[in-house]
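The block underneath contains the structure these notes are about, expressed in structure tokens.
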Amino acid sequence: MIDEKTLADHNLTREEYDLIVNLIGREPNLTELGIFSVMWSEHCGYKSSRVYLKKFPTRGKYLIQGPGENAGVMDIGDGLAVVFKIESHNHPSYIEPYQGAATGVGGILRDIFTMGARPVAVLDSLRFGPIDEPGNRSIMDGVVSGISGYGNSFGVPTVGGEVYFHECYAQNPLVNVCCVGLAQKDRLFFARASGVGNAVIYVGARTGRDGIHGATMASAEFGEETEHKRPNVQVGDPFKEKLLLEACLEAMARNLIVGIQDMGAAGLTCSTTEMAAKAGTGMEINLDLVPQREAGMNPYEIMLSESQERMLIVTEPDKVQELQKIFNKWDLEAAVIGRVTDDGRLRAYFHGQQVIDIPVKAVVDLCPAYRRPARTPAFQKKVTRLRPPEMPSDLNQVFLQLLASPNIADKEWVFRQYDHMVQVNTMVLPGADAAVLRLKGLKKGLAMTLDGNSLYTFLNPRKGGQIAVAEACRNLACVGATPIGVTNCLNFGNPEKPEIMWQFKQAVEGIAEACRRFEIPVTGGNVSFYNETEGKAVYPTPVLGIIGLVEDTALVPAAGFRGAGEVIILLGENTEELGGSEYLRLVFSEEKGQPPALNFDREKRVQDCCRQAIKSGLVRTAHDLSEGGLAVALAECSFQGPRRIGFEVKLNDRIRTDALLFGESQSRILLTARKENVRKILALARKMKVRARVIGRTGGGNMIIWHRRKKVIDQPADLGYRAWKNSIPDYFKIKKS
Amino acid sequence: MKFGVVVFPGSNCDYDTFHVLQNVMGQETVFLWHKEHNLQGVDCVVLPGGFSYGDYLRSGAIARFSPIMREVKKFADSGGLVLGICNGFQILLEAGLLPGAMLRNKNLKFLCQQVYIRIENNRTAFSNAGRRGQVLKIPIAHFDGNYYAPPELLSDLEKNRQIVFRYCDQNGKLSQEANVNGSVNNIAGLINRQGNVLGMMPHPERASEKILGSEDGKIIFRSMIDYLEKKKGSGKKKAVRAFRPAVSPLPPLIGTF
Numbered sequence: 010m011i012d013e014k015t016l017a018d019h020n021l022t023r024e025e026y027d028l029i030v031n032l033i034g035r036e037p038n039l040t041e042l043g044i045f046s047v048m049w050s051e052h053c054g055y056k057s058s059r060v061y062l063k064k065f066p067t068r069g070k071y072l073i074q075g076p077g078e079n080a081g082v083m084d085i086g087d088g089l090a091v092v093f094k095i096e097s098h099n100h101p102s103y104i105e106p107y108q109g110a111a112t113g114v115g116g117i118l119r120d121i122f123t124m125g126a127r128p129v130a131v132l133d134s135l136r137f138g139p140i141d142e143p144g145n146r147s148i149m150d151g152v153v154s155g156i157s158g159y160g161n162s163f164g165v166p167t168v169g170g171e172v173y174f175h176e177c178y179a180q181n182p183l184v185n186v187c188c189v190g191l192a193q194k195d196r197l198f199f200a201r202a203s204g205v206g207n208a209v210i211y212v213g214a215r216t217g218r219d220g221i222h223g224a225t226m227a228s229a230e231f232g233e234e235t236e237h238k239r240p241n242v243q244v245g246d247p248f249k250e251k252l253l254l255e256a257c258l259e260a261m262a263r264n265l266i267v268g269i270q271d272m273g274a275a276g277l278t279c280s281t282t283e284m285a286a287k288a289g290t291g292m293e294i295n296l297d298l299v300p301q302r303e304a305g306m307n308p309y310e311i312m313l314s315e316s317q318e319r320m321l322i323v324t325e326p327d328k329v330q331e332l333q334k335i336f337n338k339w340d341l342e343a344a345v346i347g348r349v350t351d352d353g354r355l356r357a358y359f360h361g362q363q364v365i366d367i368p369v370k371a372v373v374d375l376c377p378a379y380r381r382p383a384r385t386p387a388f389q390k391k392v393t394r395l396r397p398p399e400m401p402s403d404l405n406q407v408f409l410q411l412l413a414s415p416n417i418a419d420k421e422w423v424f425r426q427y428d429h430m431v432q433v434n435t436m437v438l439p440g441a442d443a444a445v446l447r448l449k450g451l452k453k454g455l456a457m458t459l460d461g462n463s464l465y466t467f468l469n470p471r472k473g474g475q476i477a478v479a480e481a482c483r484n485l486a487c488v489g490a491t492p493i494g495v496t497n498c499l500n501f502g503n504p505e506k507p508e509i510m511w512q513f514k515q516a517v518e519g520i521a522e523a524c525r526r527f528e529i530p531v532t533g534g535n536v537s538f539y540n541e542t543e544g545k546a547v548y549p550t551p552v553l554g555i556i557g558l559v560e561d562t563a564l565v566p567a568a569g570f571r572g573a574g575e576v577i578i579l580l581g582e583n584t585e586e587l588g589g590s591e592y593l594r595l596v597f598s599e600e601k602g603q604p605p606a607l608n609f610d611r612e613k614r615v616q617d618c619c620r621q622a623i624k625s626g627l628v629r630t631a632h633d634l635s636e637g638g639l640a641v642a643l644a645e646c647s648f649q650g651p652r653r654i655g656f657e658v659k660l661n662d663r664i665r666t667d668a669l670l671f672g673e674s675q676s677r678i679l680l681t682a683r684k685e686n687v688r689k690i691l692a693l694a695r696k697m698k699v700r701a702r703v704i705g706r707t708g709g710g711n712m713i714i715w716h717r718r719k720k721v722i723d724q725p726a727d728l729g730y731r732a733w734k735n736s737i738p739d740y741f742k743i744k745k746s
Numbered sequence: 003m004k005f006g007v008v009v010f011p012g013s014n015c016d017y018d019t020f021h022v023l024q025n026v027m028g029q030e031t032v033f034l035w036h037k038e039h040n041l042q043g044v045d046c047v048v049l050p051g052g053f054s055y056g057d058y059l060r061s062g063a064i065a066r067f068s069p070i071m072r073e074v075k076k077f078a079d080s081g082g083l084v085l086g087i088c089n090g091f092q093i094l095l096e097a098g099l100l101p102g103a104m105l106r107n108k109n110l111k112f113l114c115q116q117v118y119i120r121i122e123n124n125r126t127a128f129s130n131a132g133r134r135g136q137v138l139k140i141p142i143a144h145f146d147g148n149y150y151a152p153p154e155l156l157s158d159l160e161k162n163r164q165i166v167f168r169y170c171d172q173n174g175k176l177s178q179e180a181n182v183n184g185s186v187n188n189i190a191g192l193i194n195r196q197g198n199v200l201g202m203m204p205h206p207e208r209a210s211e212k213i214l215g216s217e218d219g220k221i222i223f224r225s226m227i228d229y230l231e232k233k234k235g236s237g238k239k240k241a242v243r244a245f246r247p248a249v250s251p252l253p254p255l256i257g258t259f
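Right, here's the structure in full:
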């Protein structure tokens, strides 16, 4: 008999329980309850988000596979497909930063190679509490080491991403990992248990007691007892994962696999029920045959374990032997644990007794979906009102302060711990707007970026969502790439609170609209709710991962200035907007105002113009304007070249100087070009109805900006560089007392 | 010339190295599976970067016991050319083919970045295509690259000119700042007494194509090819030069079963 406490432990409501009884026609036993509990958890069942996620556009020119599989798939021509997806591992990374982040990488890698693709790049979006707190630094250190430890050993380059710091992440760090894989288009694999009588094979690591109920844990708020949840976090083994990758890809190449699914969240439960449900079949498994790491595990533990580095494979009986040979070659264990049946049920046996008998459709497809109440938060009106503060007298000081802000400062301390060059494809290294991979033997390349600004989303979730998409696309435009597909990770608080639900709904609608306007389909992603500790939620944080196609990798411009004497051109318009800026936050501790305005048509024209100029071979450097505005973008160009190159820029806009320098108006891109090409770029911009103007030149040792004949910034590039470069490493220096 | 790239199960620069040797340098190249006992008649063995058997123990500590390493040792003992890159260098140390040991990087972090190395000795099979004092830009990517040798050994290495590459700055100056992993005497690459086995932490295969930002790594491969061609005699530049199969963005199947 299932009592209230058991239900509460499983995060199920009485209504949900009644529905389960109704669906299976009797009371479930504890194992069956456990199965429903994980599959109907927020993490696996998307019960609060599903009704809204339907708003995303899911069709597009390059699309092969949209939402509903392990990852999205786009056609990039030449018989190749790109497979990509993003996942969060927020809760585990707070409890145990190293393993939490490491297994986050491991999980998303499996999602990609399950589909027949070789992972070729990882990007991660990380958010921590303020870096000046030792506790936050320790989480950051653990997370970065975890990503590094797993990805480097596995052999996938970590090519980019973002790192932000804010008070709201102090007890809820966000770790979102996006993986991109490359496959032959005609060799994609899906999670389907087709073919009645086919063998069900378990491969990889043995099943242990680790990670039981990880998915359920990720579907609840944290309280004071978080420490006790450490055993819920799994432990990763990247070497085993590498073996699994090679063995699976080899089995696929030799045509030995009918269907395949990784065991991620909800382990054996999820893989068995989903594969059967998708194929319209059933499955019968013998739990005694599941390779186990420790003695005395019961069916509940075996079914719900989230031990890492495991896969479930369905194949024809006559191919089992050859499959086993391949796994032996890679020193992996493979065991036949059951077979595909035709009755739509999952049946499991343990010590000769039937311990599970449930309809797979009920588990997978009939998870209730909730349209939870949504209400505008009371603070919303207050935060959007902004009375612009008085302009500081020393803007040079502000400029240096911004460059040293951990949100803007150089992130090399992080990414040099990642092997970002393995596989010898990385053309544009981390730190630029978007990463670019060449494809060996082809002229074209792949570009990818992750982006999100949670302060904008906090002030205006809808507009924040739109800007996240627009800026990610702008990042791609800066390397000459055309965006082709989107994945997203939506990190929010507790959806049972109407204010959180409102933020979620608004943000999703904003993202959906922007994706429609940019004509890029959403191919999947991940929703992470319950990012709350002791009642305090993170800022709404949607992170957008967008993939782009570069036609000719030889034309990709640099992110930094390439030499002195080049002409600096600004695409787009400067307007007086300070709301939501890093400048306001840092200098005035104000998180207020409306985020910058976004006009889709103008944004698209600016991006098209940038891409066109790059394609015509006219552009030497391209960089988009974001946090910190124009002055910071110019400084970043100055720092990211082969050596420091100063600049002198003259501006005449009739707006406040601080808004001109540090405001974050959208739809702006900086270009540099050789003198002889400037007229061509300006003519192109005119033709495409984009405002473009020459604002200055590169060269000299100083960074100089004039505004209406007044020199408002004049700083040695070396000084700025040191502020930008040393900010993060200095926090990690061992203080000698 | 025929090159063999050893594949341990956790090697992850195997295809990178294969790609550069075959597609960039135009050499016949084969994979050598770690469970094999046959070197397939190669002229040179390359131990690539990666995490051989996971390297949860000391890097390379298990790899030295693998079947293929028995053959590599025999090959080296009879004068065959062996290049160990990164994990390959670590394995050569563990296998006793090169002296000394690796410690964790001095900052106790994994480091992936471009570094500069200076050619200290260009009269070797691995550096003859470069000039003495020439500065090469080649990236590193390792956790255990902090080379250590006790003082007596170190002075032997110096005396016998076995130090082939040292970490330096862009202008070729040696400094502690340029010595990012903390190696003793800035050692980045080391050769054995006989001059046929070289280990280096930087990855020349990551610096062999213009599109990736440097071609300096080709100097090492070029040196080896020139050396082997001269050794084989009569400078008959064979047709192997024309050996250029189609380049695929995805690697082929590796190893036998």
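Residue numbers (the numbering used here), protein chains in the order written: chain U, 10 to 746; chain X, 3 to 259.
Glycine is no exception: its CB is placed at the ideal position from the N, C-alpha and C atoms.
| Query | Result |
| --- | --- |
| Within the region 263 to 334 of chain U, note down every full alpha helix (DSSP H) run reaching 4 residues or more, in order along the chain. | 276 to 288, 308 to 313 |
| Please go through the same chain and pick out, in chain order, the residues whose beta-carbon is closer than 6 Å to the beta-carbon of Glu96/X, but skip the five residues on each side of it. | Gly62, Ala63, Arg66 |
| Return the residue from the list Arg106/X, Ala180/X, Gly90/X that minimises the CA-CA distance to Leu99/X. | Gly90/X |
| Short of 8 Å Cβ to Cβ, which residues in the region 108 to 133 of chain X face chain U? | Lys111, Phe112, Leu113, Cys114, Gln115 |
| Give me the Cβ distance between Leu558/U and Val699/U, rounded to the nearest whole Å; I'm assuming they're in contact under 8 Å. | Contact flag wrong, Cβ pair sits at about 22 Å. |
| Below 8 Å on C-beta distance, what does Gly62/X contact in chain U? | The premise fails here: Gly62/X is roughly 14 Å from chain U at the closest Cβ pair, so nothing lies under 8 Å. |
| Answer with yes or no whether the minimum CB distance from Arg208/X to chain U is below 9 Å. | yes |
| Measure from the alpha carbon of Pro153/X to the alpha carbon of each residue in Gly219/X, Pro69/X, Gly102/X, Gly257/X, then state which is nearest. | Gly102/X |
| Drop a sphere of 10 angstroms on the beta-carbon of Gly125/U, count the other beta-carbons inside from all chains shown, and report buried for 16 or more, exposed for fewer. | buried |
| Checking contacts by CB at 9 Å: is Asn161/U closer than that to chain X? | yes |
| Using a Cβ-Cβ distance cut-off of 9 Å, determine whether Ala65/X contacts chain U. | no |
| Can you tell me the Cα-Cα spacing of Leu409/U and Val60/U, whole angstroms? | 46 Å |
| Which runs of the alpha helix (DSSP H) spanning at least 4 residues fall entirely within the region 34 to 94 of chain X, listed in chain order? | 69 to 79 |
| Three or more C-beta pairs under 8 Å: does that hold for the region 377 to 394 of chain U against the region 465 to 478 of chain U? | yes |
| Give the straight-line distance between the Cα atoms of Ile476/U and Arg526/U, rounded to the nearest whole angstrom. | 12 Å |
| Determine whether the beta carbon atoms of Gly708/U and Gly69/U lie at a separation below 9 Å. | no |
| Can you tell me where the alpha helix (DSSP H) holding Phe501/U begins and where it ends? | Neither: Phe501/U is in no alpha helix (DSSP H) and is coded neither H nor E. |
| Identify, in the order they occur along the chain, each residue of the same chain with its Cβ nearer than 7 Å to the Cβ of Lys108/X, setting aside the five sequence neighbours on each side. | Asn148, Asn183, Gly184 |
| Would you be able to state if there are at least three C-beta pairs under 8 Å between the region 87 to 105 of chain U and the region 179 to 192 of chain U? | yes |
| Should Ile222/X and Pro206/X be called a contact, given that it needs their Cβ atoms to be closer than 9 Å? | yes |
| First and last residue of the beta strand (DSSP E) that includes Ile704/U? | 701 to 707 |
| In whole angstroms, give me the CA-to-CA distance for Asn181/X and Ala111/U. | 29 Å |
| When you check each C-beta in the region 148 to 159 of chain U against every C-beta of chain X, which residues fall closer than 7 Å? | Ser157 |
| When the cut-off is 9 Å and only beta carbons count, does Cys170/X lie next to chain U? | no |
| What residues of chain X sit near Gln432/U, judged by a beta carbon separation below 7 Å? | Asp18 |
| What does Ile222/X reach in chain U if we use C-beta pairs closer than 9 Å? | Correct list: empty, because the minimum Cβ distance to chain U is about 15 Å. |
| Are the Cβ atoms of Asn79/U and Ile121/U separated by less than 9 Å? | yes |
| Counting only Cβ-Cβ distances shorter than 8 Å, please list the residues of the region 187 to 209 of chain X near chain C, keeping chain order. | Of the protein chains in this structure, namely U and X, none is chain C. |
| Is Ser13/X buried or exposed, if buried means 16 or more other CB atoms sit within 10 Å of its CB? | buried |
| With 9 Å as the threshold, decide whether the Cβ of Ala103/X is near any Cβ in chain U. | no |
| Would Leu332/U and Leu265/U be called neighbours here (beta carbons separated by less than 9 Å)? | yes |
| Pick from Leu459/U, Gly519/U, Pro651/U: whose alpha carbon is nearest that of Gly554/U? | Leu459/U |
| Tell me which residue opens and which closes the beta strand (DSSP E) that Cys619/U is part of. | Careful: Cys619/U lies outside any beta strand (DSSP E), inside the alpha helix (DSSP H) at 609 to 624. |
| Quick one: using the 10 Å Cβ neighbour count with 16 as the cut-off for buried, is Thr19/X buried or exposed? | buried |
| Please report the distance separating the alpha-carbon of Ala241/X from that of Asp246/U. | Interpretation of Ala241/X is limited by its pLDDT of 48, a score under 50 that renders its predicted location unreliable; no figure is taken from the coordinates. |
| Just to confirm, is the Cβ distance from Arg594/U to Glu600/U under 9 Å? | yes |
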